[in-house]
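Heads up, the thing below is written out as structure tokens.
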Amino acid sequence: MSSLDTATVAKRYSRALFEVLSEKDELTSGAADLQAIRQIFLSNPKLGLALSDNSLSESDRKALLQPMLDNASTQTVKNFIEMVFDYARMTDIVAIIDQFEILNDEANKTVHADITSAVPLSEEQEQRISQAFAKRVGANKVILNSTVDADILGGVVLQSSGVTYDGSVKAKLNKIRRMLLN
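Numbering-wise (this note's numbering), the sequence shown opens with residue 2 and increments by one.
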């Protein structure tokens, strides 16, 4: 029997977790717990390996796991962590949580977008752009990840779900340049 790849594991585990949290009306608290757990693993890249390392005693591995169990606010998330540990899938936990977030975002009509501007945007500007983009794509909420790149000269470039909306001055100048050359 071959072992399952991380993507397959992530889809299966995240779907089951999402369904149980939904049934128990624990999606909000469960999602918050999962974000905190993901941050722990991202801050400690070798933690998944340590929790799966059979050269460590099971009691030592469980001691590493205990703070996550203690800090989870729902029994469902605690059970999930224990199950992933028991099935030796701790190296896959970030991928599982990432896949869970995709399911949760779809259910809540939340869209993530990267926005690039020539100068830092104010909170009000980000909020207006977020609201306009949410209306355009039929989302309830848009979460923006902002970066500054002076090379775009002005305006903004927004990227979401593989689609780029380029409203930069640089793009407009390039368009005018192409029109003049033709």
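Ideal placement from N, C-alpha and C gives every residue a C-beta, glycine not left out. Predicted model, so just to flag it, every value in this text is computed and none were measured.
(request) Identify whether residue 26 lies in helix, strand or coil by the three-state DSSP scheme. (result) coil
(request) Would you identify the three-state DSSP class for residue 142, choosing helix, strand or coil? (result) strand
(message) Given this structure, state the Cα-to-Cα distance separating residue 99 from residue 152, to the nearest angstrom.
(response) 32 Å
(request) Specify, as a first and last residue, the run of the alpha helix (DSSP H) that residue 106 falls within. (result) 94–109
(message) Per the DSSP calculation, residue 160 is bridged to which residue(s)?
(response) 115 and 165
(request) With DSSP as the reference, label residue 78 as helix, strand or coil. (result) helix
(request) Please report the residue range of the alpha helix (DSSP H) in which residue 65 lies. (result) From DSSP, the alpha helix (DSSP H) with residue 65 extends over 59–72.
(request) Please name the residue, chosen from 122, 165, 65 and 70, that lies closest to residue 113 on a Cα-to-Cα basis. (result) Looking from the CA of residue 113, the closest CA among 122, 165, 65 and 70 belongs to 165.
(message) Check this for me: beta carbons of residue 42 and residue 104, under 9 Å apart or not?
(response) It is not a contact, given that the beta carbons lie outside the stated cut-off.
(request) State the start and end residues of the unbroken alpha helix (DSSP H) segment that holds residue 120. (result) Unbroken run through residue 120: none, as it is neither H nor E.
(message) Comparing C-alpha positions only, which one of 142, 157 and 109 sits nearest to residue 149?
(response) 157
(message) Using the Cβ count rule (16 or more neighbours within 10 Å means buried), how would you classify residue 120?
(response) exposed
(request) Reducing DSSP to helix, strand and coil, say where residue 56 ends up. (result) coil
(request) Return yes when the Cβ of residue 65 is within less than 9 Å of the Cβ of residue 50, no when it is not. (result) Residue 50 places its beta carbon 9 Å or farther from that of residue 65.
(message) Whole angstroms are fine: how far does the CA of residue 38 sit from the CA of residue 44?
(response) 10 Å
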